[in-house]
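S.K.: Please read through the structure below; I'll follow up with questions.
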Amino acid sequence: MSHDDGPRMFQDQLAEKVRPFIDLVDDMRSIGIDKELPLPTIVVVGDQSSGKSSVLETLSGVALPRGTGIVTRCPLLLQLCNDRTVKWEAVISYGGKFNEFDDPSEVVRYVEQAQNALAGKGVGICEDLITLKITSSTVCDLSLIDLPGITRVAVKGQPDDIGAQIKNLISKFIKNKRTIILVVVPCNVDIATTEALKMAQEVDPEGTRTLAILTKPDLIDPGAEKNVLEIVHNKVIILNMGYVIVKCRGQKQIDENMSITHAIEEELEFFRNHEHFRSLLHEEKATTKCLANKLSNALVKHIKKSLPKMSKKIKEQLGEVKHLLSQIESGPPLEPAEKRKYLIQVITDFNDQITQLSKGDIIVEENLFELMRKEFTEWMECLKNAKSHYHEVVQQVVDEYDQKHRGSELPGFTNYRVFQHVVQKLVAELKNPAMMTLQKIRDMVQKQFNHLSRESFKNYPYLHQVSKKKIETIQENQSTIVKERIVEQFQMEMQVYTQDEIFNKHIPKEGETAAGSDKDTRSKYPGLLKAYYEIVVQRLADQVPMLIRYFILKQSAKIVCSEMLDLLHRDDTDNILQEDSEIGQYRAKLLAQADRLILANDKISSL
1 MSHDDGPRMF QDQLAEKVRP FIDLVDDMRS IGIDKELPLP TIVVVGDQSS GKSSVLETLS
61 GVALPRGTGI VTRCPLLLQL CNDRTVKWEA VISYGGKFNE FDDPSEVVRY VEQAQNALAG
121 KGVGICEDLI TLKITSSTVC DLSLIDLPGI TRVAVKGQPD DIGAQIKNLI SKFIKNKRTI
181 ILVVVPCNVD IATTEALKMA QEVDPEGTRT LAILTKPDLI DPGAEKNVLE IVHNKVIILN
241 MGYVIVKCRG QKQIDENMSI THAIEEELEF FRNHEHFRSL LHEEKATTKC LANKLSNALV
301 KHIKKSLPKM SKKIKEQLGE VKHLLSQIES GPPLEPAEKR KYLIQVITDF NDQITQLSKG
361 DIIVEENLFE LMRKEFTEWM ECLKNAKSHY HEVVQQVVDE YDQKHRGSEL PGFTNYRVFQ
421 HVVQKLVAEL KNPAMMTLQK IRDMVQKQFN HLSRESFKNY PYLHQVSKKK IETIQENQST
481 IVKERIVEQF QMEMQVYTQD EIFNKHIPKE GETAAGSDKD TRSKYPGLLK AYYEIVVQRL
541 ADQVPMLIRY FILKQSAKIV CSEMLDLLHR DDTDNILQED SEIGQYRAKL LAQADRLILA
601 NDKISSL
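Written out as C-alpha cells, the structure is:
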C-alpha cells in the first residue's frame, strides 16, 4: 500500500448517496434549525485518556489539540467532506467568527484559539459549539461532535465541580433520541466501569443507538484477548450497533511524528498479523476504515429514519411561528416616505378610536356612556335628596320669621331678601357634589383615553408616552374650564331667577298650600320656594352633566386628535416610531425562526 493510498480506503462507493443526507443535517445545523428541533447526529464521548482524540485524528486526517487534563473544552463539530477535486481546505467557525485556511498543521492553533475565545484561557469548559469543516479528497463523508472527556478529579485551576459540568454537557447531547452515541473505551480497562458507557446506558438502556469503539488493543495484557473478543462479539454488554476495535497512534508514535497515513497502514498490518484479532477484519469489526464506513452508513440510516418526523415537526413549528407573527404588527417600514405614511395611519387610527369613543360608537373595556349615565343619575339623586333639607329650612324660616327675621314691615308682610338668602345658601351647598361628579367623570374618561393610547401605541413607547401626557394635560385644562363654568353656573344661581311663565307652571294650585290666614301670605311661601327649587334642580340636573360631557369628553377628544396630528409636522419620524425593544426583538426572533424553518423545509423537500 502506498503512502498516499491509506486514507483513500475510507472512501465508500456509496459516497454520492451518503453525502446529500449528511449535508442536509449540516446545513440545517448551520442555519440554526437545531434551536427548533434536535437533529440526527453522532456525538463522541469517552473518559479522559480513552484514545478519543486519536480516533478523531485518524478519521479526519489531521492532528487535534493534545495534552494532559481536559483538551476538548467546547463541543467540536467535525464536518468531514470528501471532494476529489480539492486537495485540503478547512473552515473553522464559532461565535459568529470564521476562518478559512489550507494548511492542516494550523488546525491545532485554530481550535485552541476558538476554545480560548469561548471558554477562556485555562481549563474551564463551555457549551458553545465550534464547527471545523474539512474538505479533502482523502476524508470520509461524516459529521460528528466531539465532547470533553469525562474527568473524575479536578486539577489545578479547574472548578471543583468540573466533573459534574462535563457530565451535564454530555447529557444534553446524548439524551436526544436522534443522537448516535459513539463511546470510546480502551481495551485495557474493565469496560463495565467506564463512565462514558455508563452514561450511554442511562439514556439508551437498550443500546439501540450506541456504538462502542475499543482502542489501544496493543496494550492488552497477554491472555486477555479472549475477553476483548467476547466484548466485540456483543456477549458482555449488548449494543445493537455493536463494537469496532481500532488501533490509532500511541504517544510514542506521535512523539516520533508518525503520520496519520502511516498509522492507518500500520493499523491494518497490526490486525492482519494479530493471532486473535485477525478474524475481526473479515467480520468488519476492526480498523478505522471499517469504523468510518459504519459511522457514515449508520448516520445516513438514522437521518433517513428521522426525516418524516423532522419534516412534520418543521411544518408544525412553521405554522405556530406564522400564527404568532400574525398576532403582532409587522412594524414600521424602513423607507422614509413609507414610514411617514405609516405614522399618519397609526395616528389617524388612534384619532378615529378617540372620536368614536367620544360619540359612543365604540366600547372600551366598559361602556363609557353607561358609566357616565350612572354618575349623572347619582348627581340627580343628590339633588333630589337635598330637597327634604331645603324644605325643612324654608319652613323653619317661615315659622320663625317674626322672631328672627322681621324688620320694619307690618304684620303679614315679609322681607323677600331673607328668603332669597335662604335659597342662595342652600343651592350653593350643591356646588361640591357637582365638582365631585366632574372629578369622577374626568377619571373614567382619562382612563379610557389612556387605554386607547396603550392599545394603539403598544409597540411604540414614544407615541404612547406623548399621547398619555397630552391626554393628561388636556384633561387637566378642560377640568379647569369646567370648574370655572360650574362656579359661574352657581354664581348665576345666586340671582334667584326664572321666567314668570316657567315659575307659574311650577306654583302649586289653590288648596295645595299650607292652611292659614289669607291675610298672611307667608303661608304660601314654602310652596313657592319649593316650586323654585324644582326649577333649580332641573337646570342643574342637565347643565352640570352637559358641561362635563362637552368639555371633558367631546372637546377633550377633539383637542387630543388635533395635538396628535401636530406630530406629523415634525421631522424625527424615526424617533416617533421607535419600537418597544421587546416587541422588536420578539418579532425579529420569530422572523429569523420562520426563515430557518422555511429553509429547512425546502432542504428536506428537495432531497
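Residues 1 to 607 (full-length UniProt numbering) are what the sequence shown spells out, left to right. Glycine included, each C-beta is placed from N, C-alpha and C at the ideal position. Every value quoted in this text rests on a predicted model; they were computed, and no experiment measured them.
Examine the Cβ distances between the segment 116-126 and the segment 71-80 and report whether three or more of them are shorter than 8 Å.
M.R.: Yes, they touch.
S.K.: Can you tell me where the alpha helix (DSSP H) with Pro75 in it begins and where it stops?
M.R.: Element bounds for Pro75: n/a, residue is neither H nor E.
S.K.: Check this for me: beta carbons of Gln446 and Leu368, under 8 Å apart or not?
M.R.: no
S.K.: Assuming Gly46 and Gly149 make a contact with CB atoms under 8 Å, what is their CB distance in whole Å?
M.R.: That pair is a contact at about 6 Å.
S.K.: Run the CB neighbour count on Ala337, radius 10 Å, all protein chains shown included, and call it buried at 16 or more, exposed below.
M.R.: Classification for Ala337: exposed.
S.K.: Using a Cβ-Cβ cut-off of 6 Å (strictly less than) and excluding sequence neighbours within five positions of Ile598, which residues of its own chain qualify?
M.R.: none
S.K.: Just confirm the distance between the C-beta atoms of Glu36 and Gln317, as a whole number of angstroms; I'd bet it's less than 8 Å.
M.R.: 5 Å
S.K.: Which partner residues of Pro186 appear in the DSSP bridge assignment?
M.R.: Thr215
S.K.: Might you give, ordered along the chain, the residues of its own chain that have their beta carbon closer than 6 Å to the beta carbon of Asp26, omitting 5 neighbours on each side?
M.R.: Excluding residues within five positions, the ones whose Cβ falls inside 6 Å are Gln79, Ser143.
S.K.: Alpha carbon to alpha carbon, what distance is there between Ile583 and Ser136?
M.R.: 46 Å
S.K.: Applying the 10 Å Cβ sphere with the 16-neighbour rule, what's the burial state of Asn116?
M.R.: exposed
S.K.: If you follow the alpha helix (DSSP H) that Ile245 is part of, which residue opens it and which one closes it?
M.R.: Per DSSP, Ile245 belongs to no alpha helix (DSSP H); it is in the beta strand (DSSP E), 243-245.
S.K.: Should the segment 584-593 be regarded as contacting the segment 385-393, the criterion being three or more beta carbon pairs within less than 8 Å?
M.R.: Judged by pairs of C-beta atoms under 8 Å, the segment 584-593 does not touch the segment 385-393, as fewer than three such pairs exist.
S.K.: Per DSSP, what kind of secondary structure is Ala114 in: helix, strand or coil?
M.R.: In the three-state reduction of the DSSP assignment, Ala114 falls in the helix class, which pools H, G and I.
S.K.: Excluding sequence positions up to five away, which residues of its chain have a Cβ less than 7 Å from the Cβ of Leu426?
M.R.: Tyr390, Val393
S.K.: For Cys81, which three-state DSSP category applies?
M.R.: strand
S.K.: What are the boundary residues of the beta strand (DSSP E) that includes Lys87?
M.R.: First-last for Lys87: undefined, no H or E at that position.
S.K.: For Cys382, which residues from the same chain have a beta carbon less than 6 Å from its beta carbon, with the 5 sequence-adjacent residues on both sides left out?
M.R.: Pro433
S.K.: Could you name the residues that DSSP lists as bridge partners for Asp47?
M.R.: Ile150
S.K.: How close, in whole Å, do the beta carbons of Ala200 and Ile245 come, if the pair is a contact with beta carbons under 8 Å?
M.R.: Between Ile245 and Ala200 the Cβ distance is about 17 Å, and since that is not below 8 Å, they are no contact.
S.K.: Can you tell me the Cα-Cα spacing of Asn601 and Ile314, whole angstroms?
M.R.: 7 Å
S.K.: Tell whether a beta-carbon distance below 8 Å holds between Leu169 and Thr210.
M.R.: no
S.K.: Among Glu100, Gly95, Gly96, which one has its Cα closest to the Cα of Glu89?
M.R.: Cα-wise, what sits closest to Glu89 is Glu100.
S.K.: So who's on the other strand from Ala286, going by DSSP bridges?
M.R.: Per DSSP, Ile245.
S.K.: Hey, quick one: how far does the alpha helix (DSSP H) through Ile134 stretch, first residue to last?
M.R.: From DSSP, Ile134 is part of no alpha helix (DSSP H) but of the beta strand (DSSP E) over 130-136.
S.K.: Identify which residue in Val183, Cys187, Phe277 has its Cα closest to the Cα of Glu202.
M.R.: Between Glu202 and the set Val183, Cys187, Phe277, the nearest pair of CA atoms involves Val183.
S.K.: Starting from Glu100, follow its DSSP beta bridges and name the residues at the other end.
M.R.: Val91, per the DSSP bridge assignment.
S.K.: Under the three-state reduction of DSSP, which class applies to Pro259: helix, strand or coil?
M.R.: Per the sequence shown, the amino acid found at residue 259 is Ser instead of Pro. It is coil, neither helix nor strand.
S.K.: Measuring alpha carbon to alpha carbon, tell me which residue in Ile213, Asp34, Val107 is nearest Arg66.
M.R.: Val107
S.K.: Mind the definition here: the segment 343-356 touches the segment 493-506 only if three or more C-beta pairs lie below 8 Å; say whether that holds.
M.R.: no
S.K.: For Phe22, which option in Asp190, Val537, Leu307 has the closest C-alpha, if you only look at C-alpha atoms?
M.R.: Per the sequence presented here, residue 22 reads as Ile, with Phe not at that position. With distances taken between Cα atoms, Ile22 lies closest to Leu307.
S.K.: In this structure, does DSSP put Ser143 in helix, strand or coil?
M.R.: Correct three-state label for Ser143: strand.
S.K.: Do you know offhand how far Leu281's Cα is from Lys226's?
M.R.: 16 Å
S.K.: I'd like the list of long-range same chain contacts for Ile31, defined as Cβ closer than 6 Å, with 5 residues on each side in sequence excluded.
M.R.: Taking Ile31 as the centre and dropping the five residues before and after it, the same chain places the C-beta of Arg596, Leu599 closer than 6 Å to its C-beta, in chain order.
S.K.: My guess is that Gln395 and Pro508 are in contact by the Cβ rule of under 8 Å, so how many angstroms apart are they, rounded?
M.R.: Actually they are not in contact, since the Cβ atoms of Gln395 and Pro508 sit about 14 Å apart, beyond 8 Å.
S.K.: Under 8 Å, do Ile145 and Val44 count as touching if we go by C-beta distance?
M.R.: yes
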